[in-house]
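Inspection log for the structure reproduced underneath, given as structure tokens.
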Amino acid sequence: MIREQMIPRHFYIAISVLAAAVFGMSLYAWHMRGRAAATPVATADSRPVVAPVAGSTEPVTLFVAYDDLGILHPQAAQIPLPSVRQQRAEELLRALISLYTDKNSPHPLPPGSDIRSVYLVDPGLAVIDVDAAFADGHRSGVLSEELTVASLIQTLSANLPGILRVKILVEGKQRDTLAGHADLSNFFDVSAVTQLTAELQSTQ
Amino acid sequence: MPSTRTKIKSDREEIFEHRLGNGTPSRFISAYAFNHAASIASLIAPSGAALSFAVLLSFAVLLVSAAAPEKHLAVYSTAANYSLPLVQRGGQDYVGLLELLDPLGTVSAKSEPPRWRLHYNNVLGEFTEGKTRARVQGRDADLTGKFIIENGRGLIPLASLNSLLPRFLGGPATLREESNRLFIGNIATHFTAVISADDPSRLTFHFTAPVNPSVASEPGKLRLTFRREPLTGPASPMLTFASKIIPAADYSESDGAAEIDVTTSVPLMASFSPDGRTVTLAPAKSATANSQTATNPPGTNRPAVSAAATPAANGPANTAPAAGQAQSSVSPPPAGMQPVPPASAPRRCFAIIDASHGGNDRGEALSPTLAEKDITVAFARRLRQELESRGLSTLVLRDSDANLSLDDRAYFANTTHAAVYIALHAASNGHGVRIYTSLLPYSTDDDRGLFRSWTEAQSSSIPLSQGASASVATELRKLQVPVRTLTAPLRPLNNVTTAAIAIEVAPPAATVSALTAPDYQQLIAGAVANGIFAIRTQLGAAP
């Protein structure tokens with residue numbers, strides 16, 4: 009009897025309130041955890057941040073590959089282009105690649121695929137440097153790889169006159185093939201690729 | 071890739087050895103060296119000192135030129151024929167085990183001195199430096215000398231190959247130690263020799279497989295040297311004939327090559343049959359007439375090869391190849407003999423089928439369990455069967471899971487002198503068949519004189535290749551197979567000197583597994599064979 013009288017009544021009340029608060033917060037934390045798990049997290053984009061191209065857009069022709077038919081199709085587009093020739097080349101190809109990395113791409117390229125640089129060297133040489141993701145995750149196959157190569161070269165040469173030959177590098181280095189088939193060890197003859205593009209525009 | 075480097079290096083070393091290694095060439099170098107040493111010395115010192123300097127310099131050059139030539143091991147297998155350098159350690163010949171097995175299958179090695187492990191396909195070999203006992207698949211194997219590790223390379227005594235290799239390969243391997251020739255599997259090429267009763271006599275060699283020997287002559291002899299063929303000799307190496315013109319022939323082997331020396335009293339001409347299985351030696355005059363007859367019918371067989379041996383009385387001399395003959399890439403002849411000028415090489419087969427990819431290169435992953443390299447081999451075997459059933463001799467370049475570089479594939483295609491090269495690919499996207507000819511790279515139009523650019527070797531054969539492509543496409547369309555003809559930047563098409571096409575087979579419907587269906591493979595192989603057969607005369611076969 010003496011012991012019970014030594015614990016004050018307000019102490020019981022405080023302990024009860026605190027226990028109820030802990031229980032309530034636990035329920036809230038559990039609820040928040042479930043919501044966080046259900047929310048999709050955006051995939052990491054390893055591409056370098058480039059300065060946005062401002063200004064008016066220009067009409068260009070992109071030669072877009074379609075895997076279902078195995079063809080290359082010229083497609084008109086309006087994209088903002090800088091005035092410097094080399095940057096124009098890079099933006100052209102980035103516009104093309106953005107089509108291929110899109111969710112509904114007709115010719116899917118792996119996530120993270122990008123153009124590192126395009127070097128224009130007189131007379132008539134263009135060097136396209138793609139990143140490792142572009143080549144490492146590229147679908148293997150003669151036609152698949154050929155469509156990619158022809159798409160890049162024809163888009164570049166059709167919009168930037170004067171290019172006679174093209175070299176494709178991966179991460180700044182020469183590679184034997186794109187994904188086991190298309191030969192990257194030599195210089196591409198733009199006139200031959202133009203002829204190939206004509207062949208690739210038909211399913212016959 | 072290490073194997074490719076080794077092979078290329080070996081070939082270069084082989085040529086160097088023959089040009090600088092033995093006999094007459096060394097004497098020639100010595101005289102040449104003395105003259106030039108004296109010239110150099112006269113520029114830099116007074117006459118007496120110049121003479122001393124010249125003598126010393128000549129002596130140094132003599133020592134270099136008299137150094138023993140590097141020995142090689144010639145390896146013959148169904149996957150590839152290649153040569154490897156041998157090294158001498160402790161009085162024994164040693165060879166690198168990794169380099170030896172690399173062209174034959176999937177191989178990897180791990181060096182953790184003193185231990186050295188090697189995986190060949192699914193077989194594990196464990197070696198210890200300085201020990202004469204190894205373990206292969208958990209079982210002991212005795213070596214004939216100590217195992218050596220040098221710069222991560224595992225070297226085993228050459229004499230151990232007979233007992234060790236069957237453990238790795240699961241099949242027979244025969245080493246001819248006296249001649250440094252290694253036969254893997256039952257691959258040997260045999261021959262018979264028949265002397266005709268005609269006047270003058272002709273000696274005909276029949277081989278069980280196509281051969282491409284180099285031909286050289288010296289007074290009273292004609293020598294056939296077989297470096298790339300697994301030729302084995304008759305029971306008696308000395309063959310004698312009842313002929314005054316060609317009384318004997320002698321078979322011998324040395325340093326990775328087989329040789330047949332034919333004794334003769336008159337100049338001989340060697341002519342090769344189009345399939346490369348028969349070599350006929352006849353007195354020069356009649357052989358020349360035959361050669362001319364062979365070249366007369368246009369659009370039929372390519373001309374037969376001919377080369378001359380000179381009699382002792384006339385001294386060393388050679389006969390020029392018949393007009394219109396193509397260049398040849400025969401092996402360099404042994405030292406001390408006169409090389410025969412390039413003549414048109416014998417055609418070892420009509421078609422070369424190249425099953426693309428192989429070994430570490432799986433090609434496209436058509437499905438989680440299906441690799442492109444496996445489909446191409448299956449197609450290649452069916453296509454060979456179809457072509458040979460139409461009378462067109464055919465060689466499959468890769469008939470096993472071997473690593474073959476693109477350069478090697480082109481090299482084999484070019485040195486075999488086939489009429490057509492067909493590379494096979496398989497793909498999961500699209501339907502039907504795509505036929506490719508070479509999209510040549512950018513040309514700088516540099517004048518290379520007689521030489522051809524390796525990257526544009528195909529340029530003169532593009533019309534023939536396009537003809538073959540169109541013919542095959544026509545036959546496929548007859549069977550309602552969707553087909554496209556395209557150009558492609560696809561090696562080694564641009565490195566091949568003859569007609570060259572690549573065929574990419576896609577499934578007939580959405581399911582990739584249809585690529586493995588025997589009926590579908592047979593349908594495509596039959597149509598391709600029909601297309602090649604239809605254009606055989608343009609490609610250079612007998613009608």
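Same order as they appear, the protein sequences are chains A and L. Just so we're aligned, residue 9 is where the first sequence starts under our numbering, counting upward by one. Just so we're aligned, residue 71 is where the second sequence starts under our numbering, counting upward by one. Glycine included, each C-beta is placed from N, C-alpha and C at the ideal position. All values reported here derive from a predicted model rather than from experimental measurement.
Taking 8 Å as the threshold (C-beta atoms), are residue j and residue i in contact?
{"i": "glycine 200 of chain L", "j": "proline 184 of chain L", "result": "yes"}
{"i": "leucine 560 of chain L", "j": "valine 150 of chain A", "result": "yes"}
{"i": "glycine 57 of chain L", "j": "isoleucine 602 of chain L", "result": "The structure shown does not extend to residue 57 of chain L, since chain L is modelled only from 71 through 613, so no value can be given for it."}
{"i": "valine 336 of chain L", "j": "isoleucine 315 of chain L", "result": "yes"}
{"i": "threonine 156 of chain A", "j": "leucine 186 of chain A", "result": "yes"}
{"i": "alanine 576 of chain L", "j": "glycine 502 of chain L", "result": "yes"}
{"i": "threonine 148 of chain L", "j": "serine 470 of chain L", "result": "yes"}
{"i": "histidine 146 of chain A", "j": "glutamate 154 of chain A", "result": "no"}
{"i": "proline 307 of chain L", "j": "aspartate 320 of chain L", "result": "yes"}
{"i": "leucine 213 of chain L", "j": "threonine 202 of chain L", "result": "yes"}
{"i": "valine 165 of chain L", "j": "leucine 245 of chain L", "result": "no"}
{"i": "leucine 549 of chain L", "j": "leucine 593 of chain L", "result": "yes"}
{"i": "leucine 659 of chain L", "j": "valine 285 of chain L", "result": "As shown, chain L starts at 71 and ends at 613. That puts residue 659 of chain L outside it, with no answer to give."}
{"i": "leucine 239 of chain L", "j": "isoleucine 254 of chain L", "result": "yes"}
{"i": "threonine 69 of chain A", "j": "alanine 166 of chain A", "result": "yes"}
{"i": "leucine 89 of chain A", "j": "isoleucine 105 of chain A", "result": "no"}
{"i": "glycine 195 of chain L", "j": "arginine 187 of chain L", "result": "yes"}
Using a Cβ-Cβ distance under 8 Å, would residue i count as near chain L?
{"i": "serine 148 of chain A", "result": "yes"}
{"i": "phenylalanine 142 of chain A", "result": "no"}
{"i": "valine 157 of chain A", "result": "yes"}
{"i": "glycine 226 of chain A", "result": "Summary: the structure shown does not reach residue 226 of chain A, with chain A confined to residues 9 through 212, and so no result is reported for it."}
{"i": "glycine 8 of chain A", "result": "The first residue shown for chain A is 9 and the last is 212, placing residue 8 of chain A beyond what the model contains."}
{"i": "alanine 7 of chain A", "result": "There is simply no residue 7 of chain A to check, as chain A begins at 9 and stops at 212 in what is shown."}
{"i": "leucine 151 of chain A", "result": "yes"}
{"i": "alanine 200 of chain A", "result": "yes"}
{"i": "aspartate 191 of chain A", "result": "yes"}
{"i": "leucine 204 of chain A", "result": "yes"}
{"i": "glutamate 98 of chain A", "result": "no"}
Quick one: does residue i have its CB under 8 Å from some CB of chain A?
{"i": "arginine 504 of chain L", "result": "yes"}
{"i": "aspartate 444 of chain L", "result": "no"}
{"i": "glutamate 545 of chain L", "result": "no"}
{"i": "leucine 556 of chain L", "result": "yes"}
{"i": "threonine 525 of chain L", "result": "yes"}
{"i": "glycine 601 of chain L", "result": "no"}
{"i": "aspartate 431 of chain L", "result": "yes"}
{"i": "glycine 428 of chain L", "result": "no"}
{"i": "glycine 537 of chain L", "result": "no"}
{"i": "alanine 572 of chain L", "result": "yes"}
{"i": "arginine 522 of chain L", "result": "no"}
{"i": "isoleucine 594 of chain L", "result": "no"}
{"i": "glutamate 196 of chain L", "result": "no"}
{"i": "glutamate 434 of chain L", "result": "yes"}
{"i": "glycine 93 of chain L", "result": "No answer about glycine 93 of chain L holds up, because its pLDDT of 32 lies below 50 and its placement is not dependable."}
Is residue i near the ligand COA, judged by its Cβ being under 7 Å from some heavy atom?
{"i": "serine 271 of chain L", "result": "What this structure holds is no ligand at all, so the ligand COA is not there to describe."}
At 8 Å on the CB atoms, spell out the chain L contacts of residue i, in chain order.
{"i": "arginine 173 of chain A", "result": "Tyr512"}
Name the chain L residues that come within less than 7 Å of residue i, Cβ to Cβ?
{"i": "phenylalanine 195 of chain A", "result": "Pro511 and Tyr512"}
{"i": "glutamine 75 of chain A", "result": "Per the sequence presented here, residue 75 of chain A reads as aspartate, with glutamine not at that position. Result: Asn499."}
With a threshold of 6 Å on Cβ separation, who are the neighbours of residue i within its own chain once the five nearest residues in sequence on each side are excluded?
{"i": "asparagine 600 of chain L", "result": "Glu545"}
{"i": "threonine 262 of chain L", "result": "His276"}
{"i": "alanine 171 of chain L", "result": "Note on residue identity: the sequence assigns leucine, not alanine, to residue 171 of chain L. Cβ within range, chain order: Val177 and Tyr190."}
{"i": "alanine 22 of chain A", "result": "none"}
{"i": "glycine 241 of chain L", "result": "Gly255"}
If the cut is a Cβ gap below 7 Å, which residues of chain A does residue i touch?
{"i": "alanine 497 of chain L", "result": "Gly149, Val150 and Leu151"}
{"i": "arginine 561 of chain L", "result": "Asp191"}
Might you give, ordered along the chain, the residues of its own chain that have their beta carbon closer than 7 Å to the beta carbon of residue i, omitting 5 neighbours on each side?
{"i": "leucine 113 of chain L", "result": "With a pLDDT of 40 at leucine 113 of chain L, under the threshold of 50, the modelled position of that residue is not reliable, and the figure given next carries that caveat. For leucine 113 of chain L, where only same-chain residues beyond five positions count, there are no Cβ hits under 7 Å."}
{"i": "arginine 183 of chain A", "result": "Ala143 and Leu192"}
{"i": "leucine 204 of chain A", "result": "Ala158"}
{"i": "glutamate 479 of chain L", "result": "In the sequence under discussion, the amino acid at residue 479 of chain L is arginine, which differs from the glutamate named in the question. Around arginine 479 of chain L: Asp424, Leu467 and Pro562."}
For a contact defined as C-beta to C-beta under 8 Å, what are the partners of residue i on chain A?
{"i": "proline 438 of chain L", "result": "Those do not exist, as proline 438 of chain L stays about 14 Å from chain A at its closest Cβ, beyond 8 Å."}
With contact counted as at least three CB pairs below 8 Å, one residue from each stretch, are the segment 72-83 of chain A and the segment 118-125 of chain A in contact? no
Touching by the beta-carbon criterion (3+ pairs, under 8 Å), the segment 562-573 of chain L and the segment 503-515 of chain L: yes
Under 8 Å, with one C-beta from each stretch per pair, do the segment 443-458 of chain L and the segment 417-434 of chain L reach the 3-pair mark? yes
Okay, do the segment 188-198 of chain A and the segment 590-598 of chain L touch, 3+ Cβ pairs below 8 Å being the bar? no
Does the segment 160-175 of chain A come close enough to the segment 93-100 of chain A that 3 or more CB-CB pairs lie under 8 Å? yes
Touch test, the segment 164-183 of chain L against the segment 213-224 of chain L, Cβ-Cβ under 8 Å, three pairs minimum: yes
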